[in-house]
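In this note's numbering, the protein residues as written are 395 to 1002.
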């Protein structure tokens, strides 16, 4: 995060120039109309929707690594989770542009936003296109909150570092001071933070599965051959995670070298990513085989001829490219020599990205170009406008990621330090009585500074056993045994999360049902009140409001969203020191120091 070199500015200018060229192409398309693209009848969806599905898929691995692997307690995720989460945010931002670009008339986008108007024009919540809007916007919101909350302890470390180096009034110091929300690393904050982060991971996990399932329903809910299939949701989810993991490798291998992160991001992390890619490649290959089996076994002649056209027709090169790049090439990672060297890792990840993009194009294009009626068969070729905007989307994504690498912590140092701290901890008895953390204002307080988490825990035990009951701790990492030593009660964050989830579930069904009663639309033979399709709206509402309520509970209970740190806070507590603040009587200061001596504190500070 220090001052960048000329290479950084060159990359930013180059990527920004690519985005600018794409913006000019989009302006030309808006002025001239969609006729400047290769879209035609019957191919009405092509490269733009391909980019949308591709970038939504890229976004999935960030939540997989940060949420699902967190719940599974996979330690190797810590070094790569922050960059993967950032990749998720920027990929969803990129994906969100393409429905607008494909719309053509950008100014008409507000028709799909559910808001009361005098015209009583409401979106149709039975349509999978509306589900897309809800799913992707919910995914972006939850992923953004999850990413930001995970960065708060590291942002506090950046705040303290820049305050010491540049002074508290410098712009950089003030920015990180605002971003860190007054984080002090107290035991109370870590207690609520740990529970809140766990609930965020639990809410984000089903969201990973739902988002690309909803995206697949854009196609599977239609009747076109090659689209109308129940295999699409798991097929799309597996492909999304597959492409996302490959993009993580593509980004992290150069970043590790350029930012000198060799001590933090090791070959072991890349090897575990490669093993996971072998798993997802196997699932994708199984989906390819099952898709062919379904087309044959169904007995549907149109479905079977469409699949044979994919395999042996003019577009067969695209299908077999997908098989090679998405299945056969990633299976090379079963050889340890290939998954433990940077060049094969990078090359294979790039080939997977290419294959997954063409897979999306193949699925979207071929079903429209070769449907039920032979006289309706068609072809499609993208124009320079579509290719320029597609290139600009990659520039847009990489531009934000390059800016992220120098502006925010790219590695979750607090979690990596936590692994080191766990090795220093030893089991022990808890306090015999409940400990209060509300320090009185007019009693002396003693701040003991320790060099390790184990010393802090031993010091807290010594204080408890000696009868000192009013204390607070400071640490750069979450220390699990402290909750037992200090007998902290269960965090009420769970009640906020539960209340928000219930409100979101009820609100989602109310929104969809109320809209249906206003419009009284019968779509696809379904009655206006179609509760099964409304489950998508209710689910997204549950996750969205549950996450927002979880954030509110964390902010209130941990006293975040303020600029000042806790009293007696030392900037070293965000880096490598640990503090124990104990309240005692005026005549107990020397006794407290004596009781703490077995824990070997480095410093004592007494405040009257």
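Every residue, glycine too, gets a C-beta built ideally from N, C-alpha and C.
- request: Mind the definition here: the region 803 to 814 touches the region 866 to 877 only if three or more C-beta pairs lie below 8 Å; say whether that holds.
  value: yes
Discussion item. By DSSP's criteria, residue 975 is part of a beta bridge. Which residues make up the other side?
Written reply: Locating residue 975 in the chain shown gives position 581, where the first residue counts as 1. 841, 866.
Could you check where the alpha helix (DSSP H) with residue 871 kicks off and where it finishes? By 1-based counting over the chain shown, the position of residue 871 is 477. Note, residue 871: premise wrong, no alpha helix (DSSP H); not H, not E.
Within 10 angstroms of its Cβ, does residue 843 collect 16 or more other Cβ (buried), or is it exposed?
Position 449 of the chain shown, counting from 1, holds the residue named residue 843. So residue 843 ends up on the buried side.
Start and end residues, beta strand (DSSP E) containing residue 773 = For the purposes of this step, residue 773 is taken as residue 379 along the chain shown, with counting starting at 1. Taken as a continuous stretch (DSSP letters only), residue 773 belongs to no beta strand (DSSP E), as it is neither H nor E.
Please report the distance separating the alpha-carbon of residue 814 from that of residue 858. In the chain shown, the residue the question calls residue 814 occupies position 420. In the chain shown, the residue the question calls residue 858 occupies position 464. Their Cα atoms are separated by approximately 25 Å.
Would the beta-carbon of residue 595 be found less than 7 Å away from any heavy atom of the ligand FAD?
Within the structure as shown, the ligand FAD is missing, as the structure has no ligands at all.
DSSP-derived helix/strand/coil call for residue 998 = If you number the chain shown from 1, residue 998 lands on position 604. Residue 998: strand per DSSP, three-state reduction.
Option in 534, 732, 573, 910 with minimal Cα separation from residue 956 | Your numbering for residue 956 matches position 562 in the chain shown. Here the closest residue by C-alpha is 573.
So is residue 770 buried or exposed if we call it buried at 16+ other beta carbons inside 10 Å?
-> Mapped onto the chain shown, residue 770 falls at position 376. By the 10 Å Cβ count, residue 770 comes out exposed.
Mapping DSSP to helix, strand and coil, what is residue 916?
As a position in the chain shown, residue 916 is number 522, starting the count at 1. Three-state result, residue 916: coil.
Straight-line CA distance for residue 626 to residue 569? What you label residue 626 is simply residue 232 of the chain shown in a count that begins at 1. What you label residue 569 is simply residue 175 of the chain shown in a count that begins at 1. Each residue's Cα considered, the two are about 45 Å apart.
Margin query: When you compare the region 929 to 942 with the region 895 to 909, are there three or more beta-carbon pairs, one atom per stretch, that lie closer than 8 Å?
Written below: yes
* Asked: Cβ atoms of residue 461 and residue 598: under 8 Å apart, would you say?
  -> One-based indexing of the chain shown puts residue 598 at position 204. One-based indexing of the chain shown puts residue 461 at position 67. Cβ distance < 8 Å, so residue 598 and residue 461 count as in contact.
| said: Assuming residue 621 and residue 613 are in contact, meaning their beta carbons sit under 8 Å apart, how far apart are those beta carbons, in whole angstroms? | reply: Mapped onto the chain shown, residue 621 falls at position 227. Mapped onto the chain shown, residue 613 falls at position 219. So it is a contact: roughly 4 Å between Cβ atoms.
Just to confirm, is the Cβ distance from residue 796 to residue 409 under 8 Å?
For this step, residue 796 is matched to residue 402 along the chain shown. For this step, residue 409 is matched to residue 15 along the chain shown. Result yes, Cβ atoms of residue 796 and residue 409 sit closer than 8 Å.
Notebook entry, point to check: Just checking, does the region 901 to 911 make contact with the region 512 to 521 on the three C-beta pairs under 8 Å criterion?
Noted result: yes
Point to revise | Helix, strand or coil at residue 804 according to DSSP, with G and I counted as helix | key: By 1-based counting over the chain shown, the position of residue 804 is 410. Coil.
Touching by the beta-carbon criterion (3+ pairs, under 8 Å), the region 672 to 682 and the region 600 to 620: no
| request: Assign residue 824 to one of three DSSP states: helix, strand, or coil. | output: One-based indexing of the chain shown puts residue 824 at position 430. Bear in mind that the predicted position of residue 824 carries a pLDDT of just 45, short of 50, making it too unreliable to give a figure here.
Open item on the list: Taking only three categories from DSSP, how would you classify residue 644?
Closed with: Mapped onto the chain shown, residue 644 falls at position 250. In this structure, residue 644 counts as helix in the three-state DSSP scheme.
- Query: Do residue 440 and residue 456 have their C-beta atoms closer together than 8 Å?
  - Reply: The residue you call residue 440 lines up with position 46 of the chain shown. The residue you call residue 456 lines up with position 62 of the chain shown. Against a cut-off of 8 Å, the Cβ pair of residue 456 and residue 440 comes out as no contact.
- Message: As an exercise, report each continuous alpha helix (DSSP H) stretch of at least 4 residues that is fully enclosed by the region 622 to 680, in chain order.
- Response: 626 to 652
Report the option in 978, 708, 486 whose CA atom is closest to the CA atom of residue 1011.
Here the chain covers residues 395 to 1002 and nothing more, so residue 1011 does not appear.
Assess contact between the region 542 to 550 and the region 501 to 517, defined as three or more Cβ pairs (one per stretch) separated by less than 8 Å. Is contact present? no
Q.
In this structure, how does DSSP classify residue 580 when only helix, strand and coil are distinguished?
A. Within the chain shown, residue 580 is the residue found at index 186, counting from 1. In this structure, residue 580 counts as strand in the three-state DSSP scheme.
*asked:* Tell me whether the region 958 to 974 and the region 922 to 937 touch, counting them as touching only if at least three CB pairs, one residue from each stretch, are closer than 8 Å.
replied: no
*Kindly indicate the opening and closing residues of the alpha helix (DSSP H) around residue 1003.*
As displayed, the chain neither begins before 395 nor continues past 1002, which places residue 1003 out of reach and without an answer.
Taking the alpha-carbon positions, what's the residue 746 to residue 491 distance?
-> If you number the chain shown from 1, residue 746 lands on position 352. If you number the chain shown from 1, residue 491 lands on position 97. Each residue's Cα considered, the two are about 23 Å apart.
**Asked** To which residues of the same chain is residue 958 closer than 7 Å at the C-beta, ignoring the five residues directly before and after it?
**Response** What you label residue 958 is simply residue 564 of the chain shown in a count that begins at 1. Cβ within range, chain order: 576.
**OP:** Report all residues from its chain with a CB closer than 6 Å to the CB of residue 792; omit the five preceding and five following residues, and keep chain order.
**Re:** On the chain shown, position 398 is the one that residue 792 refers to. So the qualifying residues of the chain are 409.
Return helix, strand or coil for residue 830, following the three-state DSSP convention. On the chain shown, residue 830 is found 436 positions in, with the first residue counted as 1. Here residue 830 scores only 46 on pLDDT, less than 50, and its place in the model is too uncertain to base an answer on.
Rounding to the nearest angstrom, what Cα-Cα distance links residue 584 and residue 493 in this structure? On the chain shown, position 190 is the one that residue 584 refers to. On the chain shown, position 99 is the one that residue 493 refers to. Using only the alpha carbons, I get a separation of about 40 Å.
Taking all protein chains shown into account, do 16 or more other C-beta atoms lie within 10 angstroms of the C-beta of residue 594, making it buried, or fewer, making it exposed? Start at 1 with the first residue of the chain shown, and residue 594 comes out as number 200. Buried, because 16 or more other Cβ atoms sit within 10 Å of the Cβ of residue 594.
### Query
When we look at the beta-carbon of residue 829 and count the other beta-carbons within 10 Å, is it buried (16 or more) or exposed?
The residue labelled residue 829 in the question sits at position 435 within the chain shown. Reliability fails at residue 829, whose pLDDT of 46 lies under 50, so the model's placement of it is uncertain and the value that follows must be treated cautiously. Label assigned to residue 829: buried.
Is it buried or exposed, residue 945, if we count other Cβ atoms within 10 angstroms and call 16 or more buried? Stepping through the chain shown from its first residue, residue 945 is reached at position 551. Classification for residue 945: buried.
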